[in-house]
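Data block below; observations after.
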Amino acid sequence: GAVVSQHPSWVICKSGTSVKIECRSLDFQATTMFWYRQFPKQSLMLMATSNEGSKATYEQGVEKDKFLINHASLTLSTLTVTSAHPEDSSFYICSARDHDSRNSPLHFGNGTRLTVT
Amino acid sequence: GQNIDQPTEMTATEGAIVQINCTYQTSGFNGLFWYQQHAGEAPTFLSYNVLDGLEEKGRFSSFLSRSKGYSYLLLKELQMKDSASYLCAVSSFSGGYNKLIFGAGTRLAVHP
Numbered sequence: 001g002a003v004v005s006q007h008p009s010w011v012i013c014k015s016g017t018s019v020k021i022e023c024r025s026l027d028f029q030a031t032t033m034f035w036y037r038q039f040p041k042q043s044l045m046l047m048a049t050s051n052e053g054s055k056a057t058y059e060q061g062v063e064k065d066k067f068l069i070n071h072a073s074l075t076l077s078t079l080t081v082t083s084a085h086p087e088d089s090s091f092y093i094c095s096a097r098d099h100d101s102r103n104s105p106l107h108f109g110n111g112t113r114l115t116v117t
Numbered sequence: 118g119q120n121i122d123q124p125t126e127m128t129a130t131e132g133a134i135v136q137i138n139c140t141y142q143t144s145g146f147n148g149l150f151w152y153q154q155h156a157g158e159a160p161t162f163l164s165y166n167v168l169d170g171l172e173e174k175g176r177f178s179s180f181l182s183r184s185k186g187y188s189y190l191l192l193k194e195l196q197m198k199d200s201a202s203y204l205c206a207v208s209s210f211s212g213g214y215n216k217l218i219f220g221a222g223t224r225l226a227v228h229p
C-alpha cells in the first residue's frame with residue numbers, strides 16, 4: 001500500500017514554456033502533499049506544502065508565481081513550472097503520508113526529471 | 118533555523134559494518150528518519166526514531182540521542198546493492214505541518 005504515482009517521469013521543454021507535473025496518491029487520501037527539488041549530488045530541498053482545497057505554503061526563497069501548485073482533490077496535486085529556464089532543470093519529487101501522524105513516513109513518487117533547453 | 122550534518126562520502130567493504138552519523142539542530146523536533154536513495158530514483162524509507170535509543174530492523178539499525186542532537190544508521194553485513202545515498206531527515210512541526218527536512222546525504226560505496 002501507500003503508493004504515490006508521479007507523471008511524467010521525465011520531460012524536456014524549451015525555455016519559456018510551462019510544464020505540469022502530476023502527483024497522485026493511489027491507495028490513500030492525502031490532505032497534504034510535499035514537493036521537493038533535487039539538484040545533482042545534492043539533497044532534497046522542500047519547495048512547498050500542498051494543501052487540499054487551499055493555498056500551498058511555500059518555503060523561503062521559492063517563487064510561488066513561478067511554481068504553481070494546485071491540490072484540487074484528496075488524491076491529486078499538481079506542480080506547474082511556469083516560464084521555465086535552464087536553471088529550473090532538476091529532479092522534482094512529490095511525497096505524502098498515508099496517515100496524518102508525525103511518525104508516519106513520507107512516501108515518495110518516482111520523481112520527474114525536468115530538462116529545460 | 119535547521120541544520121543537519123552528515124558525512125558526504127563513505128566507503129566500506131562487502132560483508133563489513135558501517136556507521137553513518139548525523140547531527141542536527143532544529144526546533145519543534147518530531148522525530149528522525151533515515152532514507153536510502155539510489156541514483157536517479159526516489160528515496161525509500163528505512164527507519165524512524167523519536168525516542169532515545171536503538172531501533173533494529175534486520176541488517177539496518179538506527180540510533181537517536183535527542184539531548185545530543187545525534188543519530189546514526191548502522192548497516193551490517195554490507196552487500197554491493199547497499200551502495201547508495203543515505204539521507205538523514207528531521208521531522209519538525211512548523212507552520213501547522215509536520216515537515217521533513219533532509220540532510221545533504223551520505224554517498225556510500227561498497228566494494229568487494
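Read top to bottom, the protein sequences are chains W and X. Residue numbering for the first sequence follows the working numbering, starting at 1 and increasing by one per position. Residue numbering for the second sequence follows the working numbering, starting at 118 and increasing by one per position. Yeah, the Cβ is synthetic: ideal placement off N, Cα and C, and Gly gets one too. Computed from a prediction, not measured in an experiment: that's the story for all the values here.
Residue i versus the options, residue with shortest Cα-Cα distance
{"i": "R37(W)", "options": "I93(W), Q29(W), T31(W)", "result": "I93(W)"}
{"i": "Y187(X)", "options": "L163(X), G212(X), C139(X)", "result": "C139(X)"}
{"i": "A2(W)", "options": "K20(W), E22(W), Q29(W)", "result": "Q29(W)"}
{"i": "D65(W)", "options": "T115(W), S5(W), S18(W)", "result": "S18(W)"}
Helix, strand or coil at residue i [DSSP, three-state]
{"i": "K66(W)", "result": "coil"}
{"i": "D122(X)", "result": "strand"}
{"i": "K14(W)", "result": "coil"}
{"i": "K198(X)", "result": "helix"}
{"i": "E87(W)", "result": "helix"}
{"i": "V3(W)", "result": "coil"}
{"i": "N166(X)", "result": "strand"}
{"i": "L225(X)", "result": "strand"}
Contact test: residue i Cβ vs the ligand ZN heavy atom, cutoff 8 Å
{"i": "H7(W)", "result": "As presented, the structure is devoid of all ligands, the ligand ZN included, so that no description of it is given."}
C-beta neighbour in chain X for residue i, strict 9 Å
{"i": "F91(W)", "result": "yes"}
{"i": "N70(W)", "result": "no"}
{"i": "K41(W)", "result": "yes"}
{"i": "T57(W)", "result": "yes"}
{"i": "G24(W)", "result": "The question names Gly, yet the displayed sequence has Arg at residue 24(W). Output row for R24(W): interface = no."}
Residue environment, residue i, which counts as buried when at least 16 other CB atoms sit within 10 Å
{"i": "A226(X)", "result": "exposed"}
{"i": "M197(X)", "result": "exposed"}
{"i": "S178(X)", "result": "buried"}
{"i": "D88(W)", "result": "buried"}
Residue i at chain W interface by Cβ criterion, 9 Å
{"i": "L181(X)", "result": "no"}
{"i": "Y165(X)", "result": "yes"}
{"i": "F177(X)", "result": "no"}
Chain-ordered chain W contacts of residue i [CB-CB under 8 Å]
{"i": "K216(X)", "result": "F34, L46, T49"}
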